[in-house]
Each structure stands twice: as C-alpha cells, then as structure tokens.
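**Q**
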Amino acid sequence: MVLSGGTTLTRGFGDRLLSEIKGIHQKSQQTKLKIFAPPERKYSTWLGGSILAALSTFRKMWVSADEYQEDPDIIHKKMM
C-alpha cells in the first residue's frame, strides 16, 4: 500500500493501518502486506492531480459551469 496525503503523516498511522488490515485479512497469510510511506506523501495527491489535469486527454472531461448549469448529468456523460 502506498500512503498519500497529509493525514497519513499522523504518528503511527502506517503501523495502525497495517495492523488493522492484517487483522481483517488473516485468512490470506500468503499475501505479504507492506506499507510504503514516501516522505513527499504530504504533496503526492496534489502532484498526481496536477499531472492528471495537465494531460490533453483529461481536458475532454472538463465541465464548465455553464455546461453544468444547463445539464448536471453532463458529468456522467463526459466520464463514460
């Protein structure tokens, strides 16, 4: 698992998450669980979003305020 976002900087977050998932996932002891907590995780969600927003293919999904006011379902239509 890759931790991202500022909330994951809470002391003990990764250890607790791993402990709880292992408790839920006891049956599958063959699966090795590992937490990856990159130091830049505070900004990784913003960084990923900025990369996505810069892609030309993502621009096709943009919805203007006028488009939304005219037809709120445009969001679903553009995403499908």
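If you read the sequence shown in the numbering used here, its first letter stands for residue 79, the second for the next number, and so on. The beta carbon of each residue, even a glycine, is placed where N, CA and C say it ideally should be.
In angstroms with no decimal places, state the Cα-to-Cα distance between Glu-145 and Arg-119.
**A** Looking up residue 145 in the sequence shown gives position 67. Looking up residue 119 in the sequence shown gives position 41. Rounded to whole angstroms, Glu-145 to Arg-119 spans 34 Å at the Cα level.
**Q** How many angstroms separate the CA atom of Lys-138 from the CA atom of Tyr-121?
**A** The residue given as residue 138 occupies position 60 in the sequence shown. The residue given as residue 121 occupies position 43 in the sequence shown. Straight across, the Cα-Cα distance linking Lys-138 with Tyr-121 is about 25 Å.
**Q** On the DSSP bridge list, what partners appear for Val-80?
**A** Translated into the one-based positions of the sequence shown, residue 80 becomes position 2. DSSP lists Phe-114 as partners of Val-80.
**Q** Compute the Euclidean distance between the alpha carbons of Asp-93 and Lys-110, then round it to the nearest angstrom.
**A** Indexing the sequence shown from 1 puts residue 93 at position 15. Indexing the sequence shown from 1 puts residue 110 at position 32. Roughly 15 Å between the two C-alpha positions.
**Q** Report buried or exposed for Ser-82, applying the criterion of at least 16 other Cβ atoms within 10 angstroms of its Cβ.
**A** In the sequence shown, counting from the first residue as 1, residue 82 sits at position 4. By the neighbour-count rule (16 or more Cβ atoms within 10 Å), Ser-82 is buried.
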